[in-house]
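Add 222 to a position in the sequence shown, counting from 1, and you land on the number used in this note's numbering. Even for Gly, the Cβ is constructed at its ideal location relative to N, Cα and C. What you are looking at is a predicted structure, and each value in this text was computed from that prediction instead of being measured.
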Amino acid sequence: MAEYSILIGGKAGEGINTAGLSIAGLFSRLGYRTYMYFDYPSLIRGGHNFAIIRASEKAIGAHRTPADVLLAFDQNSIENHRESIHGGTTVVHDASQVVRGEGYGLPLDTIVKEEKAPPITKNSAMLGALARVAGIGRDVLEDVLRESVPAKHLEANLRVAGRGYDAVEGVFTVEPLDGPALPVLTGNEVAGLGLVHGGLDSYVAYPMTPTSSLLHFLANRAEDLSIRVIHPENEISVIMMALGLAYAGERAAVGTAGGGFCLMTEGLSLAGMSEIPVTIVVGQRPGPSTGIPTYTAQTDLHFVLNAGQGEFPRLVVAPGDLAETYSWSATALALSWKYQVPSIILTDKTLAEGACSFDLGAVAMHPDRKPEIWDGTGEYRRYARTKSGVSPLTFPGRAGTIVKANSYAHDEAGFTTEAAGEVTALQEKMLRKGESLKEELSTYPTVRTYGARDAGRTIVCWGSEKWACIEAAEEFGARVVQPLVLAPFPARAWKEAMIGAGNVVCVENNATGQLARLLRQQGFDPGRSVLKYDGRPFAVDELAARLKEVIA
Numbered sequence: 223m224a225e226y227s228i229l230i231g232g233k234a235g236e237g238i239n240t241a242g243l244s245i246a247g248l249f250s251r252l253g254y255r256t257y258m259y260f261d262y263p264s265l266i267r268g269g270h271n272f273a274i275i276r277a278s279e280k281a282i283g284a285h286r287t288p289a290d291v292l293l294a295f296d297q298n299s300i301e302n303h304r305e306s307i308h309g310g311t312t313v314v315h316d317a318s319q320v321v322r323g324e325g326y327g328l329p330l331d332t333i334v335k336e337e338k339a340p341p342i343t344k345n346s347a348m349l350g351a352l353a354r355v356a357g358i359g360r361d362v363l364e365d366v367l368r369e370s371v372p373a374k375h376l377e378a379n380l381r382v383a384g385r386g387y388d389a390v391e392g393v394f395t396v397e398p399l400d401g402p403a404l405p406v407l408t409g410n411e412v413a414g415l416g417l418v419h420g421g422l423d424s425y426v427a428y429p430m431t432p433t434s435s436l437l438h439f440l441a442n443r444a445e446d447l448s449i450r451v452i453h454p455e456n457e458i459s460v461i462m463m464a465l466g467l468a469y470a471g472e473r474a475a476v477g478t479a480g481g482g483f484c485l486m487t488e489g490l491s492l493a494g495m496s497e498i499p500v501t502i503v504v505g506q507r508p509g510p511s512t513g514i515p516t517y518t519a520q521t522d523l524h525f526v527l528n529a530g531q532g533e534f535p536r537l538v539v540a541p542g543d544l545a546e547t548y549s550w551s552a553t554a555l556a557l558s559w560k561y562q563v564p565s566i567i568l569t570d571k572t573l574a575e576g577a578c579s580f581d582l583g584a585v586a587m588h589p590d591r592k593p594e595i596w597d598g599t600g601e602y603r604r605y606a607r608t609k610s611g612v613s614p615l616t617f618p619g620r621a622g623t624i625v626k627a628n629s630y631a632h633d634e635a636g637f638t639t640e641a642a643g644e645v646t647a648l649q650e651k652m653l654r655k656g657e658s659l660k661e662e663l664s665t666y667p668t669v670r671t672y673g674a675r676d677a678g679r680t681i682v683c684w685g686s687e688k689w690a691c692i693e694a695a696e697e698f699g700a701r702v703v704q705p706l707v708l709a710p711f712p713a714r715a716w717k718e719a720m721i722g723a724g725n726v727v728c729v730e731n732n733a734t735g736q737l738a739r740l741l742r743q744q745g746f747d748p749g750r751s752v753l754k755y756d757g758r759p760f761a762v763d764e765l766a767a768r769l770k771e772v773i774a
């Protein structure tokens, strides 16, 4: 199977992320499926940034440690990645910065000076060198640059890329494939597009890694997507503004990380009591507190499952790749409105900021669900008690209606009450909504399985660890089981998926086994845990080595 792995490293501010995306675009242009993992410290300049770009004939969604080509802008990019260098690795380095270089040295300072180009164009020189090393034609290189570089900077980048191309020699040849040149998008970009597909009217957010780029993406394209994007002064304002918009009839979503979600929890409870729909994208990162804010984790599962005071239903979904992010972002928004409950899309830095080939045509969309709107008959009661627990909606401004939103316990009309019977009826109404949501979800693909049912060995995972587990499982002939919905937990689907599971291992990016804990609470055995909690996701080869220790 044709597969390539490229590692590019340098300092913050040198455009490593952009260069990585260009490399992914280069391979995508040749018909390959690509994946990019981006690693960076919380520094504006300096530190060590790197991206690992993997290209394959088949769909992928995780990185591997060994690199076929290492593009090093500084000495750290060589010293910090010795484990990625092997006998077949080609190293291309900036001879202006690397003292103990190996492989091809490019005098990047000299090149940009002679070409009268800005320093950031050094990335194009590296891209050119990679193209030549990989036997990719200059025409393909130039086409990729024309698609990705603004017109006013294009000529300088083309000149510098040509210098890089001419400075090295071909080492291997990347043969073009028959597949389409798929776009390379990040999880945040696809989440935004999924929300728009689900009917998003307004997106409200305060920047917080790793969901900041979701705000930037939607803001830059708000006019094209016919949505409103609002940046208030803090996370409390974010959730309250979203609830106000939803009360007025606009489908609103917000984005944040664990620290911002802390500030939103009272607003979450308000959404639960007032039955105002809102969708919250929570990008996980390591804590407690600020933790390591630009790295990844799966540590907020029980936080989002239990956030807010009181008891009220919520929908929590955890997509594992771009296709699931697109479909479940749309579905989370739609079901939030149908059942008038908060929905939470739980991602993490790996998924949110990682980039991958995205095939929209291959996405299996769920049914389009509409909220029940009041038919205008009789007196409107905002919290009318129904068999399903869901009250018909209408919005302020409709003639002859008064639409109440109450954070206190209330009767059907929305008036505050403390009467025991009314309070009991209200709580039972909210719980019926949760049961109705759970029943509908039984028709959705809430649990996914990969591999043969009779494998006798099963790897359980959730979220962004999906693809590392799928590839590692192939080495052991194991099966992978992945829950996509975590609340209300799909117990029936999970029980069916785990028939004949055999030896079970639960893979997570946290220190305490949070999915394993949830499974035990639901009465299921999660098997042994394989955990990683250093802020980095599992590489496929790293996970395979860990699994070898525990899978018989």
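Counting C-beta pairs with one atom in each stretch, the stretch 273-284 and the stretch 234-249 have three or more that are closer than 8 Å, which means they touch.
The continuous beta strand (DSSP E) containing C728 extends over residues N725 to E730.
For C691, the uninterrupted alpha helix (DSSP H) run begins and ends at K688 to F698, by DSSP. Around the beta carbon of Q743, fewer than 16 other beta carbons sit within 10 angstroms, so the residue counts as exposed. Close CB contacts of A738 within its chain, under the 6 Å cut and outside five residues either way in sequence, are with C728, P748 and S751 (chain order).
Taking 8 Å as the cut-off, the beta carbon of Y259 is found closer than this to the beta carbon of H285. A493 sits in a helix when the DSSP states are folded into three classes. Partner residues in the beta bridge of Y672, as assigned by DSSP, are V702.
For L765, the three-state secondary structure derived from DSSP is helix. Beta-bridge analysis with DSSP links P564 to V500. In the DSSP annotation of this structure, F439 is not part of any beta strand (DSSP E); the continuous alpha helix (DSSP H) holding it starts and ends at S434 to N442.
Counting only runs of at least 4 residues, the stretch 226-257 fully encloses the following alpha helix (DSSP H) elements, listed from N- to C-terminal order: 238-251. S370: member of the alpha helix (DSSP H) spanning R360 to S370, first to last residue. Distances from the CA of M720 to each of K335, P710, E225 and V669 were compared; the closest alpha carbon is that of V669.
Comparing alpha carbon positions, the residue from K335, A709 and A723 closest to L740 is A709.
Positions of the beta strand (DSSP E) runs, each at least 3 residues long and wholly inside the stretch 362-418, are given as 406-408 in order along the chain. C578 is positioned such that its CB atom lies closer than 8 Å to that of T256.
Here T287 is not near V355, since their CB atoms are 8 Å or more apart.
For T518 against K571, the beta-carbon gap comes to about 4 Å, under 8 Å, which counts as contact.
If you ignore the 5 residues before and after E457, its C-beta comes within less than 7 Å of the C-beta of Y428, T478, G482, L485 and M486, all in its own chain and listed in chain order.
Taking the CA atoms as reference points, E411 sits about 44 Å from G600. In the DSSP annotation of this structure, the continuous segment of the alpha helix (DSSP H) that includes F525 starts and ends at L523 to N528.
Here A339 is actually not in contact with V390; their C-beta atoms are around 19 Å apart, not less than 8 Å. Linking T680 to G722 through their CA atoms gives a straight-line distance of about 9 Å. Taking a cut-off of 8 Å on C-beta distances, the stretch 633-650 does not touch the stretch 586-596, as fewer than three cross pairs fall below it. In this structure, the straight-line span from the alpha carbon of Y561 to that of G420 is close to 15 Å. G494 is a Cβ neighbour of F534, given a cutoff of 8 Å. Between G673 and R701, the C-beta gap is smaller than 8 Å, which places the two residues in contact. V426 has its alpha-carbon roughly 10 Å from the corresponding atom of L467. Straight-line measurement puts the Cα of L490 at about 6 Å from the Cα of G530. When M462, G409 and R654 are compared, the shortest CA-CA separation from L440 is found for G409. Straight-line spacing of the CA atoms in K374 and L265 works out to 29 Å. For L265, no beta strand (DSSP E) run applies, since DSSP gives it neither H nor E. Minimum Cα-Cα distance from E730 among the listed residues L417, T521, S370 and G283 corresponds to T521. Secondary structure in the stretch 266-312: the alpha helix (DSSP H) runs of 4 residues or longer, each lying completely within the stretch, are 298-301 in chain order.
At the C-beta level, D543 and W689 come within 8 Å of one another.
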